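J.:
Protein chains: 2
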Amino acid sequence: MKLSTKGRYGLRALIDLAQYSEETPVSITSISARQELSERYLEQLMSMLKKAGLVKSVRGAGGGYVLAKDMAEISIGDVLRALEGSLEPVECAGLEPDGGCKASDNCVTKYVWQRINESISQTVDEIMLDQLVEESRKKSCVGMDRALCKN
Amino acid sequence: MKLSTKGRYGLRALIDLAQYSEETPVSITSISARQELSERYLEQLMSMLKKAGLVKSVRGAGGGYVLAKDMAEISIGDVLRALEGSLEPVECAGLEPDGGCKASDNCVTKYVWQRINESISQTVDEIMLDQLVEESRKKSCVGMDRALCKN
DNA sequence: GGTAAATCCTAGTAAAATACTAGGAGATTA
DNA sequence: TAATCTCCTAGTATTTTACTAGGATTTACC
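Heads up: the protein sequence lines correspond to chains A and B, in order.
Be aware that the first sequence starts at 77, since it is given in the working numbering, and climbs by one per residue.
Be aware that the second sequence starts at 77, since it is given in the working numbering, and climbs by one per residue.
#1: Could you spell out the range, first to last residue, of the beta strand (DSSP E) harbouring Val134(A)?
#2: Drop a sphere of 10 angstroms on the beta-carbon of Arg233(B), count the other beta-carbons inside from all chains shown, and report buried for 16 or more, exposed for fewer.
#3: Please name the residue in Lys127(A), Thr185(A), Thr199(A), Ile91(A) whose C-alpha comes closest to that of Arg213(B).
#4: Kindly indicate which residue of Lys78(B), Ile91(B), Met77(B), Glu99(B) has the alpha-carbon position closest to the one of Cys183(A).
#5: Under a CB-based cut-off of 9 Å, is Thr185(B) close to chain A?
#6: Below 7 Å on C-beta distance, what does Arg191(B) contact in chain A?
#7: Beta-carbon separation of Val200(A) and Val188(B) under 9 Å?
#8: If you draw a straight line from the alpha carbon of Glu172(B) to that of Gly138(A), how long is it in whole angstroms?
#9: In this structure, does DSSP put Leu143(A) in helix, strand or coil?
#10: At a Cβ threshold of 9 Å, is Glu112(B) touching chain A?
#11: Give me, in chain order, the residues of the same chain whose beta-carbon lies closer than 7 Å to that of Glu160(B); leave out the 5 immediate sequence neighbours on both sides.
#12: The alpha helix (DSSP H) that contains Val209(A), what's its start and end?
#13: Reducing DSSP to helix, strand and coil, say where Ser106(B) ends up.
#14: Please report how far the alpha carbon of Gly175(B) lies from the alpha carbon of Glu99(B), in whole angstroms.
#15: For Gln111(A), which of Gly129(A), Pro101(A), Tyr85(A) has the nearest alpha-carbon?
#16: For Pro101(A), would you say it is in contact with chain B, using Cβ-to-Cβ distances shorter than 9 Å as the test?
#17: Given a cut-off of 9 Å, decide if Met122(A) and Ile150(A) are closer than it, judged by their beta-carbon atoms.
#18: Please confirm if Glu172(B) has its CB atom under 9 Å from at least one CB of chain A.
#19: If we ignore side chains and look at the alpha-carbon of each, how far apart do Leu156(B) and Pro165(A) end up?
#20: In chain A, which residues lie less than 8 Å from Lys82(B) when you measure between Cβ atoms?
#21: Does the beta carbon of Met77(A) sit closer than 9 Å to a beta carbon anywhere in chain B?
#22: Closer than 7 Å by C-beta to Ile107(A): which residues in its own chain qualify, once you throw out the five before and the five after it? Chain order, please.
#23: Return the first residue and the last residue of the alpha helix (DSSP H) that Ala158(A) is part of.
#24: Based on Cα-Cα distance, which residue from Met147(B), Ser197(B), Gln198(B) lies nearest to Asp33(B)?
#25: When the cut-off is 9 Å and only beta carbons count, does Ser97(A) lie next to chain B?
#26: Would you call Gly140(A) buried or exposed, if buried means 16 or more other Cβ atoms sit within 10 Å of its Cβ?
#27: Grouping DSSP H, G and I as helix and E and B as strand, with all else coil, what is Met77(A)?
#28: Please look up how many angstroms separate the CB atoms of Ala109(B) and Leu130(B), rounded, as I've assumed it's under 8 Å.
#29: Measure the alpha-carbon distance for Met124(A) versus Val102(A) and round it to whole angstroms.
#30: Quick check on this structure: which residue in Ile192(B), Cys225(B), Glu211(B), Val142(B) has the alpha carbon closest to the alpha carbon of Met77(B)?
#31: Terminal residues of the continuous alpha helix (DSSP H) containing Val188(A)?
#32: With Leu163(A) and Ser195(A) assumed to form a contact (beta carbons below 8 Å), what rounded beta-carbon distance in angstroms separates them?
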């Protein structure tokens, strides 16, 4: 039940992007410098965020990435699902009426997985990116000590 | 953010155990036969549940496992934490005052990890084993089709 | 006392997932 | 034309997962 580096790094990167992309696109190079992340790896994370429609890219010199919609309209759930795939703790727990496991009517544990799934979803979907960006500005923590924190 | 087979199989096994251990201890052999799980693997899961104080063992012929406390006093959180370790999505998110990451005061994402952690904990700690056992009896699903469901 | 049925304990190991690195093609600007 | 970007695919070392294997120990029952 751990989030991978994709989710952890990717969310940090997106908060950074949101802070710096108001006027011009932000390049992977600059994000990775500030956040001390591998450029090549970050490239892949940004590509996932783009596929999910959360950021837009501007190619060529002076290019980079920009948010594809307003910060207040991007939930942390959107971000984490884009990076981690489904956040369901067990595959069968899909909420779709006919989703997942065929044996589900006889499955007692499914109830548990579903409850966990719902609580995670509710939590991550009600936190929006702008809240974190604002918080980040308050703390003026543009860069944090990566030697102490890997998240 | 997936639960491993430890958590999935282990919870199933414990529900099975709870149902069958009211009079005599239940052996790993019998649980694994009903639930179609490897005996050797299940052995390790039971050992974890024992270390966590959720079950007691009775050695020797005719032995097996019994719940160490009342079903109504074992939460699913206890079970999953015994099997999966901490359910925190990110290590630093510990709720302990001085727990985890040293950079936490400057960490914006920690807020997110903590919120997720709290919601998961709350959910799994309020579901008790007896609820699932009762549900299981209602559905009379002693054995479900393992060809269809791996959870 | 012997045998069968159990738990207990440690190690090993194949497969899958993770966390990257590497190389190079294509787009855009100055 | 050179520099700076994104884009895309593939490779790969490390770690984790999901087991399997072997054997010691304990206990009930004949």
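We put the CB at the ideal spot given by N, CA and C, even for glycine.
These numbers come from a predicted model, not from an experiment.
T.: On the basis of the coordinates in this document:
#1: The count along the first sequence starts at 1 and reaches residue 134(A) at position 58. That run of the beta strand (DSSP E) goes 131-134.
#2: Outside the modelled stretch of chain B, which goes from 77 to 227, sits residue 233(B), for which no answer is possible.
#3: Here residue 213(B) refers to the residue found at position 137 when the second sequence is read from its first residue. The shortest C-alpha separation from Arg213(B) is found at Thr185(A).
#4: Taking the first sequence and counting its residues from 1, the one referred to as residue 183(A) is at position 107. Nearest of Lys78(B), Ile91(B), Met77(B), Glu99(B) to Cys183(A), Cα basis: Ile91(B).
#5: By one-based count along the second sequence, residue 185(B) stands at place 109. Output row for Thr185(B): interface = yes.
#6: Numbered from 1 along the second sequence, position 115 holds the residue referred to as residue 191(B). Within chain A, the residues near Arg191(B) are Thr199, Ile203.
#7: Walking along the first sequence from the start, residue 200(A) turns up at place 124. Walking along the second sequence from the start, residue 188(B) turns up at place 112. Contact flag set, yes.
#8: Counting from one through the second sequence, the residue named residue 172(B) turns up at place 96. Counting from one through the first sequence, the residue named residue 138(A) turns up at place 62. Legend: pLDDT at Glu172(B) = 48, less than 50; position of this residue unreliable, value from coordinates given subsequently. Spanning the two alpha carbons is a distance of roughly 45 Å.
#9: As a position in the first sequence, residue 143(A) is number 67, starting the count at 1. Three-state result, Leu143(A): strand.
#10: Within the second sequence, residue 112(B) is the residue found at index 36, counting from 1. So, not an interface residue.
#11: Here residue 160(B) is taken as the residue at index 84 of the second sequence, counted from 1. Counting only Cβ-Cβ distances below 7 Å, and skipping sequence neighbours, we find Leu79, Ser80, Lys82, Gly83.
#12: Translated into positions along the first sequence, residue 209(A) becomes position 133. Here the alpha helix (DSSP H) through Val209(A) covers 205-214.
#13: Numbered from its first residue, the second sequence carries residue 106(B) at position 30. Correct three-state label for Ser106(B): helix.
#14: Residue 175(B) sits at position 99 when you count from the first residue of the second sequence. Residue 99(B) sits at position 23 when you count from the first residue of the second sequence. Low confidence applies here, because Gly175(B) scores a pLDDT of 49, under 50, leaving its location unreliable; read the following figure in that light. Roughly 43 Å between the two C-alpha positions.
#15: Looking up residue 111(A) in the first sequence gives position 35. Closest option to Gln111(A), Cα to Cα, is Tyr85(A).
#16: As a working note, residue 101(A) is residue 25 in the first sequence. Chain B, which has no Cβ nearer than 9 Å to the Cβ of Pro101(A), makes this no.
#17: Position 74 of the first sequence, counting from 1, holds the residue named residue 150(A). Position 46 of the first sequence, counting from 1, holds the residue named residue 122(A). The answer is no: Cβ separation not under 9 Å.
#18: Indexing the second sequence from 1 puts residue 172(B) at position 96. The predicted position of Glu172(B) is uncertain, since its pLDDT is 48 and thus under 50; a value taken from the coordinates is nonetheless stated next. Chain A, which has no Cβ nearer than 9 Å to the Cβ of Glu172(B), makes this no.
#19: For this step, residue 156(B) is matched to residue 80 along the second sequence. For this step, residue 165(A) is matched to residue 89 along the first sequence. About 12 Å.
#20: Here the question's residue 82(B) lines up with position 6 in the second sequence. Near Lys82(B) there are no residues of chain A at all, since even the closest Cβ is about 11 Å away, more than 8 Å.
#21: Taking the first residue of the first sequence as 1, we reach residue 77(A) at position 1. Judged by the 9 Å Cβ criterion, Met77(A) is in contact with chain B.
#22: For the purposes of this step, residue 107(A) is taken as the residue at position 31 of the first sequence. Only Ala89, Asp92, Leu93, Leu118 meet the Cβ criterion.
#23: Along the first sequence, one-based indexing puts residue 158(A) at 82. Looking at the DSSP string, the run of the alpha helix (DSSP H) that includes Ala158(A) is 152-160.
#24: In the structure as shown, chain B begins at 77 and stops at 227. Residue 33(B) is therefore absent and cannot be evaluated.
#25: Indexing the first sequence from 1 puts residue 97(A) at position 21. Judged by the 9 Å Cβ criterion, Ser97(A) is not in contact with chain B.
#26: Reading the first sequence from its first residue, position 64 is the one you call residue 140(A). Gly140(A) comes out buried.
#27: The residue labelled residue 77(A) in the question sits at position 1 within the first sequence. Met77(A): coil per DSSP, three-state reduction.
#28: Translated into positions along the second sequence, residue 109(B) becomes position 33. Translated into positions along the second sequence, residue 130(B) becomes position 54. About 22 Å separates the two Cβ atoms, so there is no contact after all.
#29: As a first step, residue 124(A) is located in the first sequence; it is residue number 48 there, counting from the start. As a first step, residue 102(A) is located in the first sequence; it is residue number 26 there, counting from the start. Roughly 16 Å between the two C-alpha positions.
#30: Mapped onto the second sequence, residue 77(B) falls at position 1. Residue Ile192(B) is the option with its Cα nearest to Met77(B).
#31: To locate residue 188(A), count along the first sequence from 1; it is residue 112. That run of the alpha helix (DSSP H) goes 185-202.
#32: Taking the first sequence and counting its residues from 1, the one referred to as residue 163(A) is at position 87. Taking the first sequence and counting its residues from 1, the one referred to as residue 195(A) is at position 119. Rounded, the Cβ-Cβ distance is 11 Å, inconsistent with contact.
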